[in-house]
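Novice:
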Amino acid sequence: MRIKKLSELTNKSKQRKEKADESKDSKKNSASSTQEEQKLSERVGDNLSRMKTALGQSTDLVVREFRISIEEKFTLGVAYIDGLVNKDEVEHYALDSIMHYHDEHLTHDDGIVNMYELIKSYSLAAGEIMEAKTLDDALLHVLSGDTVLFLEGYQTCIVASTRGWRDRAVSEPQSQTVVRGPRDSFTETLRTNTALIRRRIKSPKLWIESQQIGEFTKTDIALVYIDGIADEQVIQEVKERLSKIDIDGILESGYIEELIQDEDYTPFPTMHNTERPDSVAAGLLEGRIAILVDGTPFVLMVPALFIQFFQAAEDYYQRADISPKQFLFLIYVFCIGSAILAVPATLLETNRQNAWFCGVLAIGFALLIVAVLLWLIQRYPQQTFIQIAKKALGPYAGTCISLIYIFFMFIQSTFSLRDISTFMTTQIVPETLPTWIHALVLLAVIYGGYLGIEVVARTAEIFLPWIVVPFLLLIVLNIPQMKIDRLYPFFEFSMGDLVLGTTYFLVNPFMELVFILMITPHVKGGKKVKRMFVIGTVASGLTITIAVAACILALGANIASMHSYPVYLLGKMISLGATIQHVEVLVAIIWMLSIFFKVVIVFYAIQLSIVQLCNLRVRNFLSFPLGLIITGVAYYIIPNTAYFNYFEKYYWPFYLFVLSVCFPLLFIALSYIKKNKAAKGDRSQQT
């Protein structure tokens with residue numbers, strides 16, 4: 003059914019009212035008179051007769067007039083709609099309790115004067131009691147499923163809540179199913195839906211405000227929010243927009259959605275709808291407002307954020323667990339990310355034919371760094387770096403260290419983006435702006451960070467052959483061009499160059515493994531995690547060292563050191579007739595895939611760090627804004643490449659050493675100190 007616009011519906015309502023005023027037809031005059039509030043009569047028979055007339059002698063209206071007490075001196079009347087009430091409640095809690103109320107409960111002084119209060123306060127056994135003073139109010143209650151009780155001599159009637167129509171049971175959602183999470187969904191009954199929310203949020207701060215919209219349907223609308231969390235201005239804005247609705251009827255929440263939305267023509271929805279109570283509860287806890295409409299299982303949530311439409315219900319429940327094997331793959335692709343192309347050039351520039359020896363030394367020192375990180379994991383099991391910092395140093399100092407940690411991850415992400423754009427603009431697409439390359443890469447990174455580390459790990463497991471096989475082909479196809487004498491003379495280098503080359507190899511990528519501590523709690527497998535950490539580190543180090551040695555053996559130290567990307571040049575030199583050409587494409591594939599995984603791992607670590615630091619509930623909404631920030635910083639770095647190269651070469655190693663070695667050792671020392679203090683305290687208590 004096509005929903006009419008608010009302006010059209012308002013105009014039609016005004017036209018209908020104007021025609022009703024001008025018309026002299028008796029039926030229209032009668033219909034108009036029933037819309038005016040009329041006081042109830044003191045006579046029960048008159049009130050019941052007027053209700054029948056107002057409803058056009060409808061057959062589903064049940065009315066009954068009877069007398070109570072032995073002397074039958076009190077006349078009462080009951081009216082309700084068959085099918086909208088629970089007949090057991092009407093007969094047992096209303097009629098039976100009143101009709102068997104004996105004379106001995108009435109004193110001569112009470113008489114008929116106190117009969118109304120007597121029935122309302124003592125005789126009527128219904129749980130919810132209300133009053134109505136006009137015929138329109140009485141009709142509205144009857145049409146809503148309540149039972150109306152008239153008393154002779156009173157112009158006010160008693161309303162008992164006896165709603166009990168047949169409705170759909172709570173069942174599994176039809177359109178928003180989940181693998182993990184609750185399986186109940188909203189129904190078409192408003193009170194059932196509010197109860198489903200109350201079951202999840204047992205707080206007095208959960209407020210539910212009701213109103214009726216629709217001139218004819220009188221549809222019940224519930225505004226649900228948590229006081230103190232929801233923005234007061236947003237609450238008032240929603241109330242104001244709902245109060246301005248003038249329409250014949252509301253049959254579904256889509257009516258409300260179109261009548262109060264900001265824009266009519268927009269590619270993005272301005273409201274979010276769901277049939278899942280858990281999603282509504284999560285939204286309320288995040289400060290949103292829920293609009294429930296009687297007669298539909300779909301609940302509106304305002305305000306709606308763009309990133310919310312990429313959010314699945316599993317995001318609130320499913321833990322991002324990865325297997326030890328997947329963790330190994332993540333370590334491998336993380337380490338060879340930007341290092342497979344960037345490290346060989348720097349090592350060859352400083353150490354020439356002995357550059358491969360820097361790789362061997364770096365692997366040895368990398369194992370020491372990994373040992374420190376594994377020691378830290380053992381002292382603080384199932385905790386991320388942010389959680390460890392807060393636990394070891396307290397909330398204030400731990401927050402400062404966490405901010406430094408997040409800042410360094412931002413810097414590392416921008417360095418990786420800069421490496422991507424530099425390689426692409428110098429080797430493949432020289433006329434393309436780096437900003438476009440950043441945007442394309444970050445679109446994939448944002449989506450990967452949004453999906454979570456579990457999906458990233460599975461993707462790395464799938465694409466690992468695309469990294470390993472091309473690398474093996476690159477080495478094997480260059481074997482005919484390799485000459486062992488290009489390694490001569492052995493070990494002819496200065497100690498300063500050796501230290502500089504080893505340090506650079508150690509920094510990129512092994513010291514950056516401290517960022518992996520944000521995902522280690524998500525790895526299943528216990529002791530296997532340590533073994534996979536070591537294997538991944540050694541395997542990636544050997545891969546880069548073999549690449550450096552292959553460049554020396556196939557190209558020679560002099561030629562390889564003069565090129566910014568000697569591994570890429572290694573691929574260009576391969577040509578086996580017309581069958582195998584442009585092998586450098588394989589090198590580009592290796593590097594693009596590996597650096598993508600490195601950036602997305604760090605991006606996910608940044609998201610998780612901010613969530614844990616700020617005590618947020620979900621991280622997905624951070625994906626897009628973080629991507630924009632990283633793009634902006636990378637755009638700033640591009641024109642200052644010389645400065646940032648200097649920073650990366652001379653300052654970045656020191657900062658990473660503090661972050662990856664000094665801070666973990668500090669946390670470990672503090673854990674032992676606290677443990678010894680606790681042990682001394684226990685011994686003193688025992689003595």
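Residue numbers (this note's numbering): 3 to 689. The beta-carbon is built from N, C-alpha and C at its ideal position, and this holds for glycine as well. Predicted, not measured: the structure shown is a model, and the values here were computed from it.
Assess contact between the region 117-136 and the region 153-172, defined as three or more Cβ pairs (one per stretch) separated by less than 8 Å. Is contact present?
Specialist: Touching, per the Cβ criterion.
Novice: Cα-Cα, which of 402, 628, 353 and 406 is closest to residue 503?
Specialist: Comparing Cα-Cα distances from residue 503 to each of 402, 628, 353 and 406, the minimum goes to 353.
Novice: By the 10 Å Cβ neighbour count, where 16 or more other Cβ atoms means buried, how is residue 656 classified, buried or exposed?
Specialist: The residue in question, residue 656, is exposed, as its Cβ has fewer than 16 Cβ neighbours within 10 Å.
Novice: I'd like to check one pair, residue 335 with residue 469: are the Cβ atoms closer than 9 Å?
Specialist: Going by C-beta atoms, residue 469 is nearer than 9 Å to residue 335.
Novice: Name the residue from 546, 518 and 278 whose alpha carbon lies nearest to the alpha carbon of residue 347.
Specialist: Per the Cα distances, 546.
Novice: Measure the Cβ-Cβ separation of residue 407 and residue 611 and say whether it is below 9 Å.
Specialist: Result yes, Cβ atoms of residue 407 and residue 611 sit closer than 9 Å.
Novice: For the beta strand (DSSP E) that residue 227 lies in, which residues bound it at each end?
Specialist: Segment 221-228, the beta strand (DSSP E) holding residue 227.
Novice: For residue 52, collect the residues of the same chain with a Cβ closer than 7 Å to its Cβ; drop the 5 residues on either side in sequence, then sort them by chain order.
Specialist: Once the five neighbours on either side are set aside, the close Cβ partners of residue 52 are 137.
Novice: Would you call residue 677 buried or exposed, if buried means 16 or more other Cβ atoms sit within 10 Å of its Cβ?
Specialist: With fewer than 16 other Cβ atoms within 10 Å, it is exposed.
Novice: Any idea which residues DSSP pairs residue 694 with across the strands?
Specialist: Lying before the first or after the last residue shown, residue 694 is absent from the chain, which here runs from 3 to 689.
Novice: Under the three-state reduction of DSSP, which class applies to residue 435: helix, strand or coil?
Specialist: Residue 435 falls in the coil class under three-state DSSP.
Novice: Tell me whether residue 663 sits in a helix, a strand or coil according to DSSP, three-state version.
Specialist: Note: residue 663 maps to helix in three-state DSSP.
Novice: DSSP three-state label for residue 484, please.
Specialist: In the structure shown, residue 484 sits in coil (DSSP, three-state: anything other than H, G, I, E or B).
Novice: Measure the alpha-carbon distance for residue 187 versus residue 428 and round it to whole angstroms.
Specialist: Going from the Cα of residue 187 to the Cα of residue 428 covers about 55 Å.
Novice: For residue 134, list the residues DSSP reports as bridge partners.
Specialist: DSSP output for residue 134 lists 159 as bridge partner(s).
Novice: Enumerate in chain order the residues of its own chain whose CB-to-CB distance from residue 521 is below 6 Å, with the five nearest sequence positions on each side excluded.
Specialist: Within the same chain, residue 521 has close Cβ partners 455.
Novice: Report the residue from 357, 176 and 337 whose alpha carbon sits nearest the alpha carbon of residue 592.
Specialist: With distances taken between Cα atoms, residue 592 lies closest to 337.
Novice: In three-state terms, what does DSSP make of residue 594?
Specialist: In this structure, residue 594 counts as helix in the three-state DSSP scheme.
Novice: For the alpha helix (DSSP H) holding residue 540, just list the boundary residues, first then last.
Specialist: Counting along the chain, the alpha helix (DSSP H) containing residue 540 begins and ends at 530-557.
Novice: Taking all protein chains shown into account, do 16 or more other C-beta atoms lie within 10 angstroms of the C-beta of residue 386, making it buried, or fewer, making it exposed?
Specialist: Looking at its Cβ environment, which holds 16 or more other Cβ atoms inside 10 Å, residue 386 is buried.
Novice: So, residue 326 versus residue 533, is the Cβ gap smaller than 9 Å?
Specialist: Contact: yes.
Novice: Let me know if residue 493 comes out buried or exposed under the rule of 16 or more other beta-carbons within 10 Å of its beta-carbon.
Specialist: It counts as exposed.
Novice: Taking DSSP as the reference, what is the three-state secondary structure of residue 104?
Specialist: The predicted position of residue 104 is uncertain, since its pLDDT is 48 and thus under 50; a value taken from the coordinates is nonetheless stated next. In the structure shown, residue 104 sits in coil (DSSP, three-state: anything other than H, G, I, E or B).
Novice: In terms of DSSP beta bridges, what is residue 165 paired with?
Specialist: For residue 165, which the question treats as bridged, DSSP gives the partners 87.
Novice: Ordered along the chain, which non-local residues of its own chain (more than five positions away) have a Cβ less than 7 Å from that of residue 282?
Specialist: Here the set comprises 199, 276, 292, 301 and 303.
Novice: Under 8 Å: do the region 620-631 and the region 642-651 share three or more Cβ pairs, one atom per stretch?
Specialist: No contact exists between the region 620-631 and the region 642-651.
Novice: Mark residue 525 as exposed unless 16 or more other C-beta atoms lie within 10 angstroms of its C-beta, in which case mark it buried.
Specialist: Per the 10 Å Cβ criterion, buried.
Novice: Pick out whichever of 45, 142 and 166 has its Cα sitting closest to the Cα of residue 93.
Specialist: The option with the nearest alpha carbon to residue 93 is 166.
Novice: Hey, could you find the ends of the beta strand (DSSP E) residue 292 is sitting in?
Specialist: Run containing residue 292: 291-295, per the beta strand (DSSP E) assignment.
Novice: How is the alpha helix (DSSP H) around residue 255 delimited, first residue to last?
Specialist: Residues 255-262.
Novice: Measure the alpha-carbon distance for residue 671 versus residue 368 and round it to whole angstroms.
Specialist: Approximately 21 Å between the Cα atoms of the pair.
Novice: Return the chain-ordered list of same chain residues with a C-beta closer than 6 Å to the C-beta of residue 215, the five sequence neighbours on each side being excluded.
Specialist: Excluding residues within five positions, the ones whose Cβ falls inside 6 Å are 221, 223, 247 and 252.
Novice: Please report the distance separating the alpha-carbon of residue 566 from that of residue 549.
Specialist: C-alpha separation (whole angstroms): 14 Å.
Novice: Quick check on residue 585: does DSSP put it in helix, strand or coil?
Specialist: In this structure, residue 585 counts as coil in the three-state DSSP scheme.
Novice: Who are the near neighbours of residue 477 in its chain, counting only those whose CB is closer than 7 Å to its CB and skipping five residues on each side?
Specialist: If we look at residue 477 and ignore the five residues flanking it on each side, its Cβ neighbours are 548 and 552.
Novice: Please state the DSSP three-state secondary structure of residue 70.
Specialist: The answer is strand: DSSP assigns residue 70 an E or B state.
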